[in-house]
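Start counting at 1 in the sequence shown, then tack on 649, and there's your number in the working numbering.
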Amino acid sequence: MTDTAQTQRHPAYGEILRLDELLDIACVRDDADRTLFFASHQACEIWFAVVLRHLDEARQALLDGDGIPAAEHLERLPHIMEVITNHIDILGTLAPRSFDEIRATLGTSSGFQSAQYREIEYLCGARDRRFLNISGLTEAERDRLLDRLAQKSLSSVFVEYRDSVPPASLPARRVRDALRTFDNSVRVWQERHAEVAELFLGAQRGTAGSTGAAYLRRSAARTMFPEVFPDQWRPFGGEQDRRAPALAARIPSSELPVQRRVQG
Ligand code: HEM
């Protein structure tokens with residue numbers, strides 16, 4: 650009997666996932682606490698890549714005038730942000746001494762240099778061009794960010810879609826709700842991030858040179874979708890910020906790391 654369907658070998662789980670390669674490059678063979686620290690960051694970067702894929706699909710669906718698939722892509726993102734937030738909680742279990750030892754080996758590197766996270770912001774519509782000039786971005790990463798800026802943001806694409814359908818359109822409302830829920834889930838991540846940064850750093854600056862927890866709180870106060878939620882107002886540090894939303898949303902340069910690149 651030479652039934653190919655019967656004799657064909659099916660790839661095993663480890664082969665489909667390319668686990669040998671993956672674990673070879675993953676930071677999982679270091680000391681246990683360093684493994685926790687670096688593998689968590691790597692896992693988050695994989696999730697950032699997944700978030701970007703779905704944001705791209707949602708944007709394309711809206712460009713095609715299809716609200717429902719756009720909403721379906723967006724509605725899973727808060728669950729992913731919850732997973733990413735859990736990584737921050739995991740790192741919050743590090744002993745302060747262990748965290749300090751790891752931090753001492755980081756130099757100026759920081760999640761602040763995550764090009765994928767910045768791509769998510771730029772794709773959504775939170776477009777602070779000062780982040781193009783931070784140190785630690787490769788030319789390829791900077792080019793990717795410039796490509797994102799050359800595209801219409803998800804915010805603009807949604808506004809165009811919303812204005813092209815009847816005012817009570819259910820798909821448009823569903824997409825808007827999904828954007829709002831995703832936006833809130835990013836804020837929850839940033840607030841938790843700020844709390845853990847405060848736990849470990851107190852009032853110290855971050856490794857990238859920002860004002861650390863204060864910067865992260867400020868960052869949490871922004872909306873990812875300024876054109877969709879122009880009146881978005883978020884309390885910052887428990888105090889009411891009564892400035893115009895556009896001003897409240899802009900992070901003062903004094904809280905950012907010193908920019909080391911020539912302005913592009
Ligand atoms: C112990 C855990 C962590 C601490 C104490 C921490 C601390 C910080 C600090 C202080 C900053 C501000 C920039 C700076 O001056 O360095 C920052 C930014 C950032 N971190 Fe973390 N971080 C932690 C975990 C993570 C993890 C697991 C990720 C996932 C990839 C991450 C991603 C980021 C990103 C994307 C930014 C930029 C945020 C923005 O600009 O709004 N961090 N982090």
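Every residue gets a Cβ at the ideal spot worked out from N, C-alpha and C, and that includes glycine. Bear in mind the structure is a predicted one, so any value in this text is a computation, not a measurement.
CB contact flag (residue i, residue j, <8 angstroms)
| i | j | result |
| --- | --- | --- |
| R708 | V806 | yes |
| H690 | L726 | no |
| G855 | Y864 | yes |
| A688 | R823 | no |
| G774 | S804 | yes |
Reference residue i, options the options, closest by Cα
| i | options | result |
| --- | --- | --- |
| S813 | L712, H690, L671, H659 | L712 |
| A675 | R823, K801, S868, E694 | E694 |
| S859 | L828, D682, I900, A681 | I900 |
| R866 | D880, F874, H842 | H842 |
| P875 | E904, V845, A799, E770 | E770 |
| F849 | L743, M730, A681 | L743 |
| R767 | Y810, R658, L795, A846 | L795 |
| A681 | W696, I739, E724, R658 | I739 |
| V845 | A710, P745, R683 | P745 |
Residue i: first and last residue of the uninterrupted alpha helix (DSSP H) it sits in
| i | result |
| --- | --- |
| R776 | No alpha helix (DSSP H) holds R776; DSSP gives it neither H nor E. |
| I783 | Segment: none, I783 is in no alpha helix (DSSP H) and carries neither H nor E. |
| H722 | 716 to 724 |
| S804 | 803 to 813 |
| R871 | Here R871 belongs to no alpha helix (DSSP H), and DSSP marks it neither H nor E. |
| E750 | 745 to 752 |
Cα-Cα separation between residue i and residue j, rounded to whole angstroms
| i | j | result |
| --- | --- | --- |
| V911 | D792 | Low local confidence applies: a pLDDT of 42 at V911 is under 50, so the model's placement there is unreliable, with the coordinate-based value given in what follows. If you take the alpha carbons of V911 and D792, they lie about 15 angstroms apart. |
| G887 | A869 | With a pLDDT of 36 at G887, under the threshold of 50, the predicted position of this residue should be treated as unreliable, though the coordinate-derived value follows. In a straight line, the C-alpha of G887 is about 12 angstroms away from that of A869. |
| I717 | A692 | 29 angstroms |
| Q762 | T656 | 49 angstroms |
| W838 | R829 | 14 angstroms |
| A698 | P816 | 33 angstroms |
| E670 | L819 | 45 angstroms |
| N735 | H722 | 21 angstroms |
| E904 | A661 | 50 angstroms |
| D749 | S784 | 23 angstroms |
| R658 | E731 | 38 angstroms |
| M873 | D832 | 6 angstroms |
Local conformation of residue i per DSSP, three classes
| i | result |
| --- | --- |
| E888 | Caution is warranted here: a pLDDT of 40 is assigned to E888, below 50, making its placement in the model unreliable, and the coordinate value is therefore given only provisionally. Looking at E888 - three-state DSSP - the assignment turns out to be strand. |
| Q762 | helix |
| E664 | helix |
| M730 | helix |
| V677 | coil |
| P820 | helix |
| Q709 | helix |
| M842 | Per the sequence shown, residue 842 should be read as His rather than Met. Helix at H842. |
Proximity test, Cβ basis, 8 angstroms: residue i and chain B
| i | result |
| --- | --- |
| I674 | You won't find chain B in this structure, because it holds only one protein chain. |
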